[in-house]
Amino acid sequence: MSVGANGFKRVIQGEPVDTVVDKHCILCLFEGLIYFAIFSASVTIYDLLTRLGSSSQGRRSAERKRTT
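Residue numbers for the sequence shown, in my numbering: 9 to 76.
Structure, rendered in structure tokens:
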């Protein structure tokens, strides 16, 4: 920390900006993680639903083959 007036100004003006930037970056990271989690969860749910749908259709066609 410099003792001069310019040094004090720089430190006083720099600290709030640094904390705001740090908080903003942390929020951006969390926002990105949340979007990624929602996207991956929706893809997983869609994959599970399509697997369940195809497996139930497979069972139905197998039952039809047995009855004929």
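For glycine and all other residues, C-beta sits at the position ideal for the given N, C-alpha and C. Model, not experiment: these values are computed from the prediction.
What's the call for residue i, buried or exposed, on a 16-neighbour Cβ count within 10 Å?
i   : result
S10 : The predicted model places S10 with a pLDDT of 43, which falls under 50 and marks its position as unreliable; any figure quoted below should be read in that light. Flag for S10 reads exposed.
Quick one: does the C-beta of residue i sit closer than 7 Å to a heavy atom of the ligand GDP?
i   : result
A45 : No copy of the ligand GDP appears in this structure; indeed no ligand is present at all.
Please work out which residues of its chain come closer than 7 Å, Cβ to Cβ, to residue i, disregarding the five sequence neighbours upstream and downstream, and give them in chain order.
i   : result
S62 : none
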